[in-house]
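Here's the structure, in structure tokens; my notes come after.
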Amino acid sequence: MDVLTVKNLSVSFYRQSGEIEAVKNVSFSLRAGEILVIMGDTGCGKSVLCKSIVKLLPDIAKVKTGQIFFQGKEITDYSEKEMQKLRGNSFSMVFQNPMTALNPCMSVGEQIAEAVRLRQPGISRKDLKSRVTELMELVGLDRPGERAGQYPIHFSGGMAQRCVIAIALAAKPSVLFADEPTTSLDAGVQEQILELLLELRRKLGMAVILITHNPYVAAKMADRAALMRGGEIYRIGDAEEIFEKIIHNNHP
Ligand SMILES: Nc1ncnc2c1ncn2[C@@H]1O[C@H](COP(=O)(O)OP(=O)(O)O)[C@@H](O)[C@H]1O
Ligand SMILES: [Mg+2]
């Protein structure tokens, strides 16, 4: 079954200088448990597409046309309150820079705990502690007992991104939106985070929309891929088909 369906979505920014069409008539669907990569050059509309689905667009941007369905139910006109519920329970997001996603004034353990408490307000202290440990272990943070008390500043970029992913997973999402999740990381760390995302998808069965401008990342991760240019998806299909050439070049 399709977990997410987007039909004919167009999004524009309205500035004094005029209208900027950032997303043009985009349609795609996301199947349960799959990784759909959305790939294209910087400025082609990937982030705006993603933000318009989760309704985190800035005020100057408007959805002009289109429909969005989550698990068959139309969510196009959901209110902010309904979207908050969806973002809390079904959609989670991971962005490029983990340091800006984390609160520098709170220990990482508290931040993960806060995300858990949001979904399970009545959870006991003991259960909360074990859930935080479980999430930290799930994302490969070793010595969780010790690390939980540390602050983001003590963490490398890769470790910080693991924390952000732990916070995202607290919601037990059906769809994880990952917008350039490894772009700010070193190549070796990027590889570890990509492996983690593959492992989490396998273990948790969530679907992932992975946004990247990097063909290597796309070819490594995609079950299916959508190629964007100038706000449009100009090609979408199975990864083997789309990345045949790239995969071939990587394994001569
Ligand atoms: N705050 C903004 N104000 C005006 N235009 C914007 C704004 N953010 C994005 N855009 C427009 O939307 C296009 C797509 O942006 P974006 O989705 O962020 O690109 P990317 O594919 O790099 O994620 C940009 O090229 C720009 O024209
Ligand atoms: Mg972007």
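Read in order, the letters of the sequence shown correspond to residues 1 to 252 in our numbering. Even for Gly, the Cβ is constructed at its ideal location relative to N, Cα and C. Every value quoted in this text rests on a predicted model; they were computed, and no experiment measured them.
C-beta atoms of residue i and residue j nearer than 9 Å
{"i": "His154", "j": "Glu180", "result": "no"}
{"i": "Ile68", "j": "Ile53", "result": "yes"}
{"i": "Arg162", "j": "Leu128", "result": "no"}
{"i": "Ser29", "j": "Thr5", "result": "yes"}
{"i": "Arg229", "j": "Arg31", "result": "no"}
{"i": "Pro98", "j": "Ser184", "result": "yes"}
{"i": "Val116", "j": "Val164", "result": "no"}
{"i": "Val139", "j": "Ala166", "result": "yes"}
{"i": "Ala226", "j": "Val37", "result": "yes"}
{"i": "Val26", "j": "Glu244", "result": "no"}
{"i": "Val189", "j": "Ser156", "result": "yes"}
{"i": "Ala160", "j": "Pro173", "result": "no"}
{"i": "Val11", "j": "Leu49", "result": "yes"}
{"i": "Leu118", "j": "Gly88", "result": "yes"}
{"i": "Ile211", "j": "Ala170", "result": "no"}
First and last residue of the uninterrupted beta strand (DSSP E) at residue i
{"i": "Thr133", "result": "Note, Thr133: premise wrong, no beta strand (DSSP E); alpha helix (DSSP H) at Arg125 to Leu138."}
{"i": "Gln67", "result": "Ala61 to Phe70"}
{"i": "Met1", "result": "Unbroken run through Met1: none, as it is neither H nor E."}
{"i": "Leu318", "result": "There is simply no residue 318 to check, as the chain begins at 1 and stops at 252 in what is shown."}
Cross-strand partners of residue i (DSSP beta bridge)
{"i": "Phe28", "result": "Val6"}
{"i": "Val48", "result": "Beta-bridge pairing links Val48 to no other residue."}
{"i": "Gly237", "result": "Ala225"}
{"i": "Leu210", "result": "Val37 and Ala178"}
{"i": "Phe13", "result": "Ile20 and Ala61"}
{"i": "Lys220", "result": "In DSSP, Lys220 forms no bridge with anything."}
{"i": "Val94", "result": "Ala178"}
{"i": "Lys73", "result": "Phe70"}
{"i": "Glu232", "result": "Arg229"}
Extent of the continuous alpha helix (DSSP H) to which residue i belongs
{"i": "Lys81", "result": "Glu80 to Asn89"}
{"i": "Ile112", "result": "Val108 to Arg119"}
{"i": "Gly145", "result": "Pro144 to Arg147"}
Status (buried if at least 16 other CB within 10 Å, exposed otherwise) for residue i
{"i": "Ser92", "result": "buried"}
{"i": "Lys62", "result": "exposed"}
{"i": "Gln84", "result": "exposed"}
{"i": "Met206", "result": "buried"}
{"i": "Glu19", "result": "exposed"}
{"i": "Pro252", "result": "With a pLDDT of only 47 at Pro252, under the threshold of 50, the placement of this residue in the model should not be trusted; the figure read from the coordinates follows. Pro252 is exposed by the Cβ-count criterion."}
{"i": "Lys220", "result": "buried"}
{"i": "Ser79", "result": "exposed"}
{"i": "Gly145", "result": "exposed"}
{"i": "Met1", "result": "exposed"}
{"i": "Thr76", "result": "exposed"}
{"i": "Ile60", "result": "exposed"}
{"i": "Gly158", "result": "buried"}
{"i": "Ser47", "result": "buried"}
{"i": "Arg143", "result": "exposed"}
{"i": "Gly72", "result": "exposed"}
Which runs of the alpha helix (DSSP H) fall wholly inside the stretch 156–208 and span at least 4 residues, in chain order?
-> Runs found: 157–169 and 187–204.
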